[in-house]
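Going from the sequence shown to this note's numbering is simple: count from 1 and add 110. A quick write-up on the structure given underneath.
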Amino acid sequence: MEVVFASRIERHPGDWVRAFQDALPQDRVRAWGDGAPEGDAEVAVVWNPPADLFQREPRLRILFNLGAGVDALLRMPGRPEHVLIVRLEDGGMAVQMAEYAVHFLLRVSRDFDRYAQLQAQRRWQSLGDMAREDWPVGVMGAGVMGARVARAVAALEYPVAVWSRSGRALDGIEVFGGDAGLPAFLARTRVLINVLPLTAQTEGILCRTTFQRMRPDGYLINIARGRHLVEADLLGALDEGLLRGAALDVFVDEPLPAQHPFWADPRVQVTPHIAGLSLMGQTVRQISAKIRAYGRGEPISGIVDPEQQY
Ligand code: GLV
């Protein structure tokens with residue numbers, strides 16, 4: 111089979127192509143736009159692929175995404191319906207998402223930013239103890255990422271609940287489901303961590319109503335997609351004191367434009383979409399195993415359901 115690696119933003123495509131070629135010695139792996147004859151690839155490995163992928167590779171039957179979120183692929187114009195999309199399942203990302211979420215949870219609940227300010231003033235001052243009951247955490251999303259984040263938070267003994275569309279059960283964790291479960295989930299949540307897939311139903315879910323329903327003096331951690339958040343509503347919620355702050359890894363426009371208000375807002379911590387990076391070794395192993403299984407006609411996991419959009 112011929113496999114094309116196509117990414118508009120990957121800085122080292124040659125490294126990925128070599129790693130995939132080593133893992134798939136029976137197949138021909140090539141980089142998009144490398145000058146070799148095009149049009150014969152049946153399989154593509156993609157991350158933000160070029161818009162003319164399907165025109166230039168009309169024989170594609172299956173796309174393997176280098177990330178977990180496939181929203182951008184589902185939005186690609188001219189995507190033939192028969193082309194399967196396969197999302198990355200973990201690939202080393204879930205534990206990093208958990209680290210990111212826990213880092214900001216601890217910073218806000220344990221007052222570490224205020225201790226940094228006190229150090230700058232050479233002041234030895236305790237800000238008092240912290241009661242975990244005052245910092246209930248709500249995780250939106252019950253997939254591989256959401257479950258890993260929730261387990262990490264639970265291990266530190268914070269009260270934690272998970273909300274998802276389906277309300278699917280997670281071992282030992284309180285779960286809320288669907289539109290009906292959302293208000294009660296938010297009413298008990300002070301630190302809201304978003305790891306949902308971006309779909310027509312979840313776009314804009316982090317909005318004013320959501321912030322109003324949360325416990326007072328809350329905190330938002332968004333490590334899913336920028337379009338989950340209504341950015342103006344976040345600024346409003348911070349101004350009104352509904353929220354104390356936010357840690358944002360993803361944005362409506364990426365890279366975040368230089369004039370965007372988030373850059374200079376001391377209540378907002380900006381990171382450049384690094385919360386969970388796909389690790390090359392694990393990712394290549396996972397996708398290559400699936401490409402081999404696909405070649406043998408065997409079933410593979412992680413195929414995106416176009417109805418569910420993830
Ligand atoms: C990263 O954003 C991913 O979808 O894996």
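Using N, Cα and C, we set each Cβ at its ideal position, and we do this for glycine too. Computed from a predicted structure; not experimentally measured.
With a threshold of 16 other beta carbon atoms within 10 Å, Pro307 meets it and is buried.
For a cut-off of 8 Å, the C-beta gap from Ala208 to Ala252 is around 14 Å, too long to register as a contact. Taking C-beta separations shorter than 6 Å and ignoring five residues to either side along the sequence, the partners of Asp327 in its chain run Arg354, following chain order. Annotation for Glu112: the continuous beta strand (DSSP E) segment containing it runs Glu112 to Ser117.
In this structure, the beta-carbon distance from Met255 to Ala204 falls below 7 Å. Taking all protein chains shown into account, Glu408 has fewer than 16 neighbouring C-beta atoms within 10 Å of its C-beta and is therefore exposed.
A distance below 8 Å between beta-carbons, with the five flanking residues on each side excluded, links Ile119 to the following residues of its chain, in chain order: Trp157 and Asn158.
Pairing Gly346 with Thr299 gives a Cβ-Cβ distance that is not under 7 Å.
If you look at Gly407, you'll find it isn't in any alpha helix (DSSP H); DSSP assigns it neither H nor E. Judged by pairs of C-beta atoms under 8 Å, the segment 313-324 does not touch the segment 265-277, as fewer than three such pairs exist.
At a cut-off of 3 residues, the continuous stretches assigned as beta strand (DSSP E) that sit fully inside the segment 254-281 are 270-274.
Apart from sequence neighbours up to five positions away, the residues of its chain that approach Arg377 with a beta-carbon distance below 6 Å are Leu348 and Gly355, ordered along the chain. The C-alpha of Val394 lies about 50 Å from the C-alpha of Gln235. For a cut-off of 8 Å, the C-beta gap from Pro187 to Ala154 is around 16 Å, too long to register as a contact. Between the ligand GLV and Ala257, a heavy atom-to-CB distance of less than 6 Å is absent.
Taking C-beta separations shorter than 7 Å and ignoring five residues to either side along the sequence, the partners of Ala151 in its chain run Glu112, Val113, Val114, Glu167, Arg169 and Leu170, following chain order. Listed in chain order, the beta strand (DSSP E) elements of length 3 or more contained wholly in the segment 137-162 are 138-141 and 153-157. For Gln379, there is no enclosing alpha helix (DSSP H); the enclosing beta strand (DSSP E) has its first and last residue at Val378 to Val380. By the Cβ-count criterion, Asp239 is exposed, with fewer than 16 other Cβ atoms from all chains shown falling within 10 Å of its own Cβ. Around the CB of Leu387, fewer than 16 other CB atoms lie within 10 Å, so the residue is classed as exposed. Not one heavy atom of the ligand GLV lies closer than 6 Å to the C-beta of Ala211. Here the distance from the Cβ of Ala204 to the nearest heavy atom of the ligand GLV is not below 6 Å. Counting the other CB atoms within 10 Å of its CB gives Ile384 a total below 16, which places it among the exposed residues. Distances taken from the Cβ of Ala178 to the heavy atoms of the ligand GLV include one shorter than 6 Å. Excluding the 5 residues flanking it on each side, Val305 has same chain C-beta neighbours closer than 7 Å at Met207, Val249, Met250, Gly251, Met255, Gly256, Val259, Ile333 and Ala334, in chain order. Val205 carries a helical assignment under DSSP once its states are collapsed to helix, strand and coil. The shortest C-alpha to C-alpha distance from Ile283 to any of Ala310, Phe295 and Phe361 is the one to Phe295.
Taking 3 residues as the minimum length, the beta strand (DSSP E) runs contained wholly in the segment 281-305 are 284-287 and 301-304, in order along the chain.
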